[in-house]
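Read through the structure below, which is laid out as structure tokens, and then see the notes.
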Amino acid sequence: GAIVRFLPPSYRDEGLAILKDMTNTLSSYIQGQITVSLCVGTLATIGYFMIGLPYALILGILVAITNIIPYLGPFLGAAPAVIIGLFDSPLLAILAVAVVTIAQQIDSNFLSPLIISSKLNTHPATIIILLLVAGNLAGILGMILAVPVYAVSKTLVLNMARLIRLHRKHRKEAKPEKLEAAQSEGE
497 GAIVRFLPPS
507 YRDEGLAILK
517 DMTNTLSSYI
527 QGQITVSLCV
537 GTLATIGYFM
547 IGLPYALILG
557 ILVAITNIIP
567 YLGPFLGAAP
577 AVIIGLFDSP
587 LLAILAVAVV
597 TIAQQIDSNF
607 LSPLIISSKL
617 NTHPATIIIL
627 LLVAGNLAGI
637 LGMILAVPVY
647 AVSKTLVLNM
657 ARLIRLHRKH
667 RKEAKPEKLE
677 AAQSEGE
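The opening residue of the sequence shown carries number 497 in my numbering; numbering runs sequentially from there.
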């Protein structure tokens with residue numbers, strides 16, 4: 497509510513509604529990221545069990561936790577699995593790298609666009625295009641910020657358009673009342 501105090505009193509309810517929508521949008525994005533991370537952790541855990549990696553469950557949980565960190569997280573999560581795989585054999589370490597690579601490919605090509613787009617009510621192609629454009633324009637930071645900035649901007653624009661339509665409607669309804677009042681004064 498502190499930001500809403502800067503708005504004229506007649507717009508405070510609408511301003512509060514816009515802020516709530518933006519909060520819901522950001523929380524949906526965060527929920528989507530957590531869901532994606534859990535899926536990647538599950539894929540990694542299954543893969544680790546399939547290749548016979550010791551401590552597969554713990555390492556899969558670590559992958560899920562670190563996957564929340566964009567771009568660097570998957571490498572941080574994979575490092576312990578590769579090191580533990582090396583203690584057993586070089587082949588197991590290579591297989592651990594393959595498991596994480598496959599999990600990350602499934603994540604970035606299917607899971608992330610589908611889950612995030614459904615949480616934000618945005619087409620998956622839009623998410624992919626946003627990431628590609630933001631990556632080319634602003635690098636990793638652009639890719640990290642692209643989707644949440646887009647989602648909040650979309651929410652803000654849609655709410656502002658609704659607010660403008662509402663304002664115009666009230667102005668049109670107010671004009672006949674003013675005309676009637678002016679006519680009754682003139683008589």
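C-beta: ideal position from N, C-alpha, C; glycine also.
C-beta atoms of ASN655 and ILE514 nearer than 8 Å: As a working mapping, residue 655 is identified with position 159 in the sequence shown. As a working mapping, residue 514 is identified with position 18 in the sequence shown. Cβ distance < 8 Å, so ASN655 and ILE514 count as in contact.
Do you know offhand how far PRO550's Cα is from PRO576's?
Numbered from 1 along the sequence shown, position 54 holds the residue referred to as residue 550. Numbered from 1 along the sequence shown, position 80 holds the residue referred to as residue 576. Cα to Cα, the separation comes out at about 11 Å.
Nearest candidate by alpha-carbon position, reference ILE623, set GLY528, LEU512 and LEU553: Within the sequence shown, numbered from 1, the residue matching residue 623 stands at position 127. Nearest option by C-alpha distance: GLY528.
* Asked: For VAL559 versus VAL578, is the C-beta spacing smaller than 8 Å?
  -> Here the question's residue 559 lines up with position 63 in the sequence shown. Here the question's residue 578 lines up with position 82 in the sequence shown. When the beta-carbon positions are compared, VAL559 and VAL578 stay at least 8 Å from each other.
**Request:** Could you check what DSSP says for ALA642 in three-state terms: helix, strand or coil?
**Result:** As a first step, residue 642 must be located in the sequence shown, where it is residue number 146. The answer is helix: DSSP assigns ALA642 an H, G or I state.
Element boundaries [alpha helix (DSSP H), containing PHE502]:
Mapped onto the sequence shown, residue 502 falls at position 6. Here PHE502 belongs to no alpha helix (DSSP H), and DSSP marks it neither H nor E.
Give a yes or no on whether the C-beta atoms belonging to VAL532 and ASP584 are separated by under 8 Å. Stepping through the sequence shown from its first residue, residue 532 is reached at position 36. Stepping through the sequence shown from its first residue, residue 584 is reached at position 88. For VAL532 and ASP584, no; Cβs fall outside 8 Å.
Own chain residues within Cβ distance below 7 Å of PHE545, not counting five before or after | Taking the first residue of the sequence shown as 1, we reach residue 545 at position 49. Hits under 7 Å: ALA552.
- Cut-off 7 Å between Cβ atoms - residues of its own chain near GLU510, not counting five sequence neighbours on either side: Taking the first residue of the sequence shown as 1, we reach residue 510 at position 14. Once the five neighbours on either side are set aside, the close Cβ partners of GLU510 are LEU659.
Tell me which residues share the same chain as VAL648 and place their Cβ nearer than 8 Å to its Cβ, disregarding the 5 neighbours each side in the sequence.
Taking the first residue of the sequence shown as position 1, residue 648 is located at position 152. Here the set comprises MET518, THR521 and LEU522.
query = Would you report the Cα separation of ILE564 and ARG667, rounded to the nearest angstrom?
reply = If you number the sequence shown from 1, residue 564 lands on position 68. If you number the sequence shown from 1, residue 667 lands on position 171. If you take the alpha carbons of ILE564 and ARG667, they lie about 48 Å apart.
| Reference VAL536, options GLN600, GLY631, ILE590 and ILE526, closest by Cα | Position 40 of the sequence shown, counting from 1, holds the residue named residue 536. If we check each option's Cα against that of VAL536, GLN600 comes out closest.
message: Buried or exposed, going by whether 16 or more other CB atoms sit within 10 Å of the CB of ILE580?
response: As a working note, residue 580 is residue 84 in the sequence shown. Result: buried.
**Asked** Alpha carbon to alpha carbon, what distance is there between ILE640 and ALA540?
**Response** If you number the sequence shown from 1, residue 540 lands on position 44. If you number the sequence shown from 1, residue 640 lands on position 144. Using only the alpha carbons, I get a separation of about 23 Å.
key: Buried versus exposed call for VAL653 [16 or more other C-beta atoms within 10 Å across all chains shown]   = In the sequence shown, the residue the question calls residue 653 occupies position 157. When all chains shown are included, VAL653 counts as exposed.
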